[in-house]
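In terms of the numbering used here, the numbers along the sequence shown are unbroken and rise by one, the last being 1011.
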Amino acid sequence: MNFAQPNLAFDEARATPLGYRKDIDGLRAVAVLPVLLYHAFPATVPGGFYGVDIFFVISGYLITGIIHKQMLSSTFSIADFYARRIRRIFPALITVVLVTFLIAWFVLPPRELKSLGTNIAGGAVFIQNFILLGQVGYFDLAADKKPLLHLWSLAIEEQYYVVWPLLLMLIGVWRRRSLAITLALAAASFAACIVVQSRAPDYAFYLPVTRAWELLAGSALALWVSGRAASRAPGLAAYYGREIVAVVALLAILAAFWLYDRKLPHPGVLTVVPVLAAATLIGTSGTLVHRHVLGASPAVFVGLISYPLYLWHYPLMAYARIQFVDAVPAWVMIAIIAASLVLAWATYRFIERPIRFGRRLVPLKVGGLLGGMVALGIVGVVADRTNGLPSRIPAELRGFMLDGSETARFWRADKCLLKPDQSASEFSTECAGTGRHPLILVWGDSYAASLYPGLAHFGAERGFEVAEFTASACPPLLGFVHPDRRFCKGANDFVIQKVAELKPDLVLFYSTWSYSPDALRDGLDKTVSALKELNVPRIVLLGPPATWLGDSLPANILDYYFRTHAVLPARTKFRSNDNWTRALDEFLEAQAQRVGIQYISARRMMCNDDGCLARIGADGADLTAYDSGHLTHPGSILIARQTLEALPGFDK
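Here it is in structure tokens:
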């Protein structure tokens, strides 16, 4: 394969949208390689994502140049333009999205496949940027595991391609008018970008209005270049001036890759630097930088395959991050970059070129590509509407796909488990029980609410009453303050009043307990002191249960299946958060001893050296938690039974 092009004579090498320029393909390589490196090794090239901004400039320049040239010669056809864009964009896109879905079928649990289905459908109609606005920010941690997140940039380009040709047709072929309007639109878009960036950064990142100025910068350059006369050989000063400008522009782009990072507002004021630098390199040509750096054969080769390379690398890296519980090893990322290069070349050589440049059966190709994209969109919609095609997994695993609604109905939410928008006065009268004794009063957050069903079950069997006063995200600690949980103080003060009124035989604290040591220590001191002043006979602190990393225990079970095609063992270390839980358990036990109250370890009921209980019941059909730690109804029965065994008088 030979991608070498004949050298351009200096007087023919002026910046022009007409004809092929291998240095622009080299600039594509400069744009795409840092993007790959950033996605693989963010700390190595912290501003590598600015490569996408350079792509926007290149796209705006080339597309506007083509359209304007044809408009000047009265040969422009909007139908022909869109047909060419379909032949350019669709082949590689359909290939990559199809392969991404086929991999997902085997490795993604239903919830993740549902999300991917939404992204496939959005990608098929080029609205992925709008879809992502409701899902995840580009710099969020979760973004790394979204295989088609990178289609946001393609969506913005396609939205531009839909609107911009129509605007150019309205503006007309007069270059000065076109250029002035283009510059005005670019200025308006840039102003919108700065305003939106200060208020809603994700919107500034994903919206076409706040990104259009980057494409319009390339468009304005194309309109300006189209009216310039062919350059004669410049004088010595002008010659060296062009050389210096080209070097400075290339260095400015490279500096953005290494000196910028995700902490800077992007797109923003500093984005102007790589955008203008890219426009400068396109607007000049024939320099040493253009001939020997951007025009070098390796750079041209990477530039020619840059589009499929961009498409392939991200889903491969996302799947690697999904498969590795911990960080992906460096050698794997290097292998993915190498594989992306090979796949990109194969896609370019055997899929893109035959469809894009072949002169035969053009209408049939365009129709087939449109049909293929529609079919992909339908696949995405089906994956979304069926909640991730759960029929892929064995029937016995589908019962583990809990969303919490069935479990939470036992908690008496909105009555005895307050939401953040409720006040303590909204506790229902039924929360106090019937007035029977012996009485256990459960005090805590939603973890305590998840324990209530188990205690109530045994209370009905053994003849004791259970009162429940719980509030979402509020630990049972007097004096606890949090700017986002102002209702906690009122809820906790109310519980102390109910303790004085109901005179329970035992007060049981239960919570996530995931707070700072100082907050736990100080809050426990105040709370225990207040309860002792009320002469509460027994005060018990129940420590944290087994907790789980990842999205949830049900998700972990499905994830384990898609990794191993086996059911997660009933007792397991897979994504167990036991190191953290054990440390918290030991700290709380020491604090309980310090303030003179009984401590019961829920963790030790569930975990040992072999791992923690994930499944219980007959044939392990019941999960212990429906998320990272909230107890299911069977889990609540398990913990309640063993808790009561440690409480004489309630154990029978």
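Every residue gets a Cβ at the ideal spot worked out from N, C-alpha and C, and that includes glycine.
This one's a predicted model, so the numbers in the text were calculated from it and none came from an experiment.
- Setting aside the 5 residues that flank it on each side, residue 966 is surrounded in the same chain by 905 and 937, each with a C-beta closer than 6 Å to its C-beta; the list follows chain order.
- Cβ neighbours of residue 863 within its own chain (closer than 6 Å, five residues either side excluded): 798 and 800.
- Residue pairing of residue 967 in beta bridges, as defined by DSSP: 970.
- For residue 897, the enclosing beta strand (DSSP E) starts and ends at 897-901.
- The beta carbon of residue 628 sits closer than 8 Å to the beta carbons of 553 from its chain, once the five residues preceding and following it are set aside; these are given in chain order.
- Counting along the chain, residue 769 sits inside no beta strand (DSSP E), nor does DSSP assign it H or E at all.
- Taking 9 Å as the cut-off, the Cβ atoms of residue 947 and residue 903 count as close.
- No Cβ-Cβ contact shorter than 9 Å links residue 803 with residue 753.
- Approximately 38 Å separates the beta-carbon atoms of residue 642 and residue 720; this is outside 8 Å, ruling out the contact.
- Nearest C-alpha to residue 613 among 1001, 633 and 599: 633.
- Checking the DSSP bridge columns, you'll see residue 868 partnered with 802 and 900.
- The continuous stretches of alpha helix (DSSP H) do not include residue 825, which lies in the beta strand (DSSP E) extending over residues 824-830.
- The beta carbons of residue 839 and residue 882 sit closer together than 9 Å.
- Taking the CA atoms as reference points, residue 935 sits about 17 Å from residue 981.
- Taken in chain order, the complete alpha helix (DSSP H) segments of 4 residues or longer contained in the segment 613-668 are 631-642 and 656-663.
- In this structure, the alpha-carbon of residue 848 lies about 16 Å from that of residue 884.
- Here the segment 997-1005 lies against the segment 809-818, with 3 or more beta-carbon pairs under 8 Å apart.
- Within the DSSP bridge table, the entry for residue 935 names 907 as partners.
- Residues 648 of the same chain have their beta carbon placed closer than 7 Å to that of residue 606, with the five preceding and five following residues left out of the count.
- Between the alpha carbons of residue 780 and residue 807 lies a distance of about 19 Å.
- For residue 696, the enclosing alpha helix (DSSP H) starts and ends at 689-706.
- Distance from the Cα of residue 461 is smallest, within the candidate group 949, 479 and 950, for 479.
- Residues of the same chain with a CB within less than 7 Å of the CB of residue 874, apart from the 5 flanking positions on each side, are 834 in chain order.
- Residue 843 sits exposed, since fewer than 16 C-beta atoms from the chains shown fall within 10 Å of its C-beta.
- The DSSP assignment places 560-565 and 567-585 as complete runs of the alpha helix (DSSP H) inside the segment 541-588, in order along the chain (cut-off: 4 residues).
- Beta-bridge partners of residue 776 (DSSP): 772 and 829.
- Take the alpha-carbon of residue 841 and the one of residue 832: they are about 10 Å apart.
- Minimum Cα-Cα distance from residue 707 among the listed residues 736, 671, 667 and 744 corresponds to 667.
- Collapsing the DSSP output to three states places residue 467 in coil.
- By the neighbour-count criterion, in which a residue is buried when 16 or more other Cβ atoms sit within 10 angstroms of its Cβ, residue 676 is buried.
- For residue 1001, the enclosing alpha helix (DSSP H) has its first and last residue at 992-1004.
- Around the beta carbon of residue 974, a 10 Å sphere encloses 16 or more other beta carbons of the protein chains shown; the residue is thus reported as buried.
- As computed with DSSP, residue 958 is found in a beta bridge with 900.
- Around residue 704, the same chain offers 664 as residues with beta carbons nearer than 7 Å, after the five sequence neighbours per side are excluded.
- Nearest to residue 699 by alpha-carbon distance, out of 1011, 392 and 381, is 392.
- The beta carbon of residue 573 is closer than 8 Å to those of 412, 415, 416, 419, 626, 630 and 634 in its chain, skipping five residues each way along the sequence.
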